[in-house]
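K.L.:
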Amino acid sequence: MKKQRRIQIILIITLSLSGFSSQLSAQAPAPVGPVPSERQVEWYHREIMAFFHFGMNTFCDMVNEGDGRAGTYLFNPTALDCNQWMKVLKSGGIPCGIIVAKHADGFCNWPSDYSDYSVKNSPWKNGKGDVVREYLDACKAAGIKAGIYVGPHDRHERLSPLYNTKDYSIHYASQLSELMRNYGTVWETWWDGAGADELTTPLYTRWADTVRTLQPKCVIFGTKNSYRFADCRWVGNESGFSGDPCWSTIDSLSIKEESDHITELNQGQVNGNAYIPAEVDVSIRPSWFYHKEEDGHTKTVKELWDIYCNSVGRNSVLLLNLAPDRRGLIPSDDSTNVAGLHSMITNSFKSNFAKGAKITALHTRGRNYNPSNLVDGNENTYFATKDKFKSDTITFKLDSRKVFDCLMLQEVIQLGHRTTGWSVDYSNNGKTWTPISEASNKQSIGYKWIVRFAPISASYVRLRITDGKACIALHSFGIYKQAKL
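Mapped onto the working numbering, the consecutive letters of the sequence shown carry residue numbers 1 to 485.
#1: Let me confirm a value: D61 is counted as buried when at least 16 other C-beta atoms fall within 10 Å, else exposed. Which label applies?
#2: N380 by DSSP, collapsed to three states: which one?
#3: Would a check of beta-carbon distances place N321 closer than 9 Å to chain D?
#4: Three-state secondary structure (DSSP) at Q267?
#5: Candidates K442, E438, L398: which alpha carbon is nearest N429's?
#6: Please specify which runs of the alpha helix (DSSP H), each continuous and at least 4 residues long, are wholly inside the stretch 310-350, giving them in chain order.
#7: Among residues of its own chain, excluding the 5 on either side of F51, which ones have a beta-carbon nearer than 6 Å to its beta-carbon?
#8: DSSP three-state call for M86: helix, strand or coil?
#9: Quick check: R206 and A173, are their CB atoms within less than 9 Å of each other?
#10: Kindly indicate which three-state DSSP category H475 falls into: helix, strand or coil?
#11: Candidates N380, R367, K358: which alpha carbon is nearest S400's?
#12: With DSSP as the reference, label W247 as helix, strand or coil.
#13: Locate the beta strand (DSSP E) running through W486, then write down its first and last residues.
#14: Please list the terminal residues of the continuous beta strand (DSSP E) segment that includes L398.
#15: According to the neighbour-count rule (16 or more other Cβ atoms, all chains shown, within 10 Å of its Cβ), is A196 buried or exposed?
#16: Can you find at least 3 beta carbon pairs, one from the stretch 415-423 and one from the stretch 438-451, that sit closer than 8 Å?
#17: Return the Cβ separation of P77 and W124 in integer angstroms, given the expectation that the two are a contact with Cβ distance under 8 Å.
#18: Can you look up L199 in the DSSP assignment and give me helix, strand or coil?
#19: T360 and T395: beta carbons closer than 9 Å?
#20: In terms of residues, what are the limits of the beta strand (DSSP E) holding R418?
#21: Taking 9 Å as the cut-off, decide whether the C-beta atoms of V235 and D281 are in contact.
#22: Using the beta-carbon count (16 or more within 10 Å), is T432 buried or exposed?
#23: Taking Cβ positions, are T201 and R233 nearer each other than 9 Å?
#24: Which of the three DSSP states is assigned to S37 in this structure?
#25: If I follow the unbroken beta strand (DSSP E) through K166, where does it start and stop?
#26: Just the Cα atoms here: how many angstroms apart are I148 and P277?
#27: Can you tell which of T58, G93, R155, S115 has the C-alpha that lies nearest to the C-alpha of D105?
#28: Residues in its own chain within less than 6 Å of S21 by CB, not counting five upstream and five downstream?
#29: Would you mind working out which of T189, A323, L80 sits nearest G151, comparing C-alpha positions?
#30: Around the C-beta of L176, are 16 or more other C-beta atoms found within 10 angstroms, so that it is buried, or is it exposed?
#31: What number of angstroms, rounded off, separates the C-alpha of D295 from the C-alpha of L329?
#32: Note down the Cα distance separating L485 from I345, rounded to an integer number of angstroms.
#33: Pull up the distance between the alpha-carbon of D387 and that of V211, whole angstroms please.
#34: Going by other Cβ atoms of all chains shown within 10 Å of its Cβ, with 16 needed for buried, is K166 buried or exposed?
#35: Report the three-state DSSP secondary structure of Q23 (helix, strand or coil).
#36: Beta carbon of Y183, beta carbon of S122: below 9 Å?
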């Protein structure tokens, strides 16, 4: 009997250790649906990028969409300093910037071999200047990732009676190749859809091959007929706001005429067939190019904070336009407010009140996927449920009563969109719960989701994942107090 009892005890211990070992070595969740490429993961982590609209339109009175007729003699910045632009980005915590090398007016900010409508025929530096070169060199010196906007539509070229789409496609490919070959690493290129209706998918196929061959790290912003090659999409407006929900996935083959698909661009599609997240372009001033008449109309830090929370905080990347003036410098009001936004972001999210909480969940996948990973500040660790559980309740018993007015969630985007329904509640006794109305019945999460609300005092917070396409995989959850403006 004693021997049989010892065998039973050994068997129980062995099975327990086996189960514990299985829990420790639980496999990671399988990806679901389209997932981001390495380029897109890097792009998401930029969070904010700068846009630099500077060119012929800067030197024309209240012109943002030039017709290609303005004389090259007009372009003559008196104190161009791209290093000053970089200082503005550094003060704003912005890691990437995109320069407009050629807007729709066709004027080239570099001495293109394929056009006379460029800086080489301007009085600036006696025609020996190269804005793109100075910009890329300044980016490299400052450790800023450089992108280039090369507008596909060219009104200057269209002025020629010999213009035809076939020849222009070769012309554009040549200019694109110049920029992709001769200026170092390019991290993003922009294919604006304005005026580009005639540019069909076969043309973009060739141009996409040029980018992918010469700049494999380069993210392509696409519109209209270029969506099948795009890494990111237009958000459907220029106000700075993404939709709610805002899915990273869309049906890339259904996007033809943007005017008929604004909602889809703004919100994405939960079951879209392609991973093409939204990039939110908005200008810090009323116009894209600098106009003296708009001095004093720079967006305030409060306005920029609202834009940040409704773009980056809605699973998108913010592309904030800064317009150098006729000197070739970023105006002081603009640079001051960019720095103010950075301070607001940093101070608002420096303290996660959920850190130090006692955290419980119902369906933890295993020890490597504990809910404590949600507050460890490490993106490489995350909370996950077992495969059969697409919903769960994660409860945070705070180490003391906290006052907060903001929360943030982050999903493991490398595993695809998983959660499709979630809500957050609060309590002071862990029994009676009050919904946070602004954070109730939400849908998408993705890279980052931010919700703001009136201040709440609570000792408990719970995150309820109510629906999903697959088991949960979240790497961050936090509650915060917004900094004072």
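Beta carbons: idealized from backbone N, C-alpha and C, even for Gly. All values reported here derive from a predicted model rather than from experimental measurement.
P.N.:
By the coordinates alone:
#1: Residue numbering aside, residue 61 sits at position 61 when the sequence shown is read from its first letter. Label assigned to D61: exposed.
#2: Looking up residue 380 in the sequence shown gives position 380. It is coil, neither helix nor strand.
#3: Among the chains in the structure shown there is no chain D, since it carries only a single protein chain.
#4: Position 267 of the sequence shown, counting from 1, holds the residue named residue 267. Here Q267 sits in helix by DSSP.
#5: Within the sequence shown, the letter at position 429 stands for residue 429. Of the candidates K442, E438, L398, the one whose C-alpha sits nearest the C-alpha of N429 is L398.
#6: 332-348
#7: Mapped onto the sequence shown, residue 51 falls at position 51. Within the same chain, F51 has close Cβ partners I98, L319, N321.
#8: Here residue 86 corresponds to residue number 86 of the sequence shown, with the count starting at 1. M86 falls in the helix class under three-state DSSP.
#9: Taking the first residue of the sequence shown as position 1, residue 206 is located at position 206. Taking the first residue of the sequence shown as position 1, residue 173 is located at position 173. Against a cut-off of 9 Å, the Cβ pair of A173 and R206 comes out as a contact.
#10: As a working note, residue 475 is residue 475 in the sequence shown. Three-state DSSP puts H475 in a strand.
#11: Taking the sequence shown and counting its residues from 1, the one referred to as residue 400 is at position 400. That would be K358, whose Cα lies nearest to the Cα of S400.
#12: The residue you call residue 247 lines up with position 247 of the sequence shown. Of the three classes helix, strand and coil, the one that applies to W247 here is coil, per DSSP.
#13: Past the boundaries of the shown model lies residue 486; the chain is included only from 1 to 485, so the question cannot be answered.
#14: Residue mapping note: residue 398 aligns to position 398 of the sequence shown, counting from 1. It spans 392-411 - the beta strand (DSSP E) in which L398 sits, taken as one unbroken run.
#15: Reading the sequence shown from its first residue, position 196 is the one you call residue 196. Buried, because 16 or more other Cβ atoms sit within 10 Å of the Cβ of A196.
#16: yes
#17: Position 77 of the sequence shown, counted from the first residue, corresponds to residue 77. Position 124 of the sequence shown, counted from the first residue, corresponds to residue 124. Correct: roughly 6 Å between the Cβ atoms.
#18: For the purposes of this step, residue 199 is taken as the residue at position 199 of the sequence shown. DSSP places L199 in coil when its eight states are reduced to three.
#19: On the sequence shown, position 360 is the one that residue 360 refers to. On the sequence shown, position 395 is the one that residue 395 refers to. Cβ distance < 9 Å, so T360 and T395 count as in contact.
#20: Residue 418 sits at position 418 when you count from the first residue of the sequence shown. Segment: none, R418 is in no beta strand (DSSP E) and carries neither H nor E.
#21: Within the sequence shown, residue 235 is the residue found at index 235, counting from 1. Within the sequence shown, residue 281 is the residue found at index 281, counting from 1. Cβ distance < 9 Å, so V235 and D281 count as in contact.
#22: Taking the sequence shown and counting its residues from 1, one reaches residue 432 at position 432. Classification for T432: exposed.
#23: Within the sequence shown, residue 201 is the residue found at index 201, counting from 1. Within the sequence shown, residue 233 is the residue found at index 233, counting from 1. No; because the gap between Cβ atoms is not below 9 Å, this pair is not in contact.
#24: Position 37 of the sequence shown, counted from the first residue, corresponds to residue 37. Coil, per DSSP.
#25: Translated into the one-based positions of the sequence shown, residue 166 becomes position 166. First-last for K166: 165-182, but that is the alpha helix (DSSP H), not the beta strand (DSSP E).
#26: By 1-based counting over the sequence shown, the position of residue 148 is 148. By 1-based counting over the sequence shown, the position of residue 277 is 277. Straight-line Cα distance between these residues: approximately 19 Å.
#27: As a working mapping, residue 105 is identified with position 105 in the sequence shown. When each option's Cα is compared against that of D105, the closest is R155.
#28: Here residue 21 refers to the residue found at position 21 of the sequence shown. Legend: pLDDT at S21 = 35, less than 50; position of this residue unreliable, value from coordinates given subsequently. Nothing listed; no residue qualifies.
#29: Taking the first residue of the sequence shown as position 1, residue 151 is located at position 151. Nearest C-alpha to G151: T189.
#30: On the sequence shown, residue 176 is found 176 positions in, with the first residue counted as 1. L176 should be labelled buried.
#31: Position 295 of the sequence shown, counted from the start, is the residue given in the question as residue 295. Position 329 of the sequence shown, counted from the start, is the residue given in the question as residue 329. Distance between the alpha carbons of D295 and L329 is about 14 Å.
#32: The residue you call residue 485 lines up with position 485 of the sequence shown. The residue you call residue 345 lines up with position 345 of the sequence shown. Taking the straight line joining both Cα atoms gives about 11 Å.
#33: The residue labelled residue 387 in the question sits at position 387 within the sequence shown. The residue labelled residue 211 in the question sits at position 211 within the sequence shown. Roughly 39 Å separates the two Cα atoms.
#34: Counted from its first residue, the sequence shown places residue 166 at position 166. Per the 10 Å Cβ criterion, exposed.
#35: Residue numbering aside, residue 23 sits at position 23 when the sequence shown is read from its first letter. Residue confidence for Q23 is low, a pLDDT of 38 falling below 50, so the modelled location carries little weight; the figure read from the coordinates is stated next. DSSP places Q23 in helix when its eight states are reduced to three.
#36: Here the question's residue 183 lines up with position 183 in the sequence shown. Here the question's residue 122 lines up with position 122 in the sequence shown. It is not a contact, given that the beta carbons lie outside the stated cut-off.
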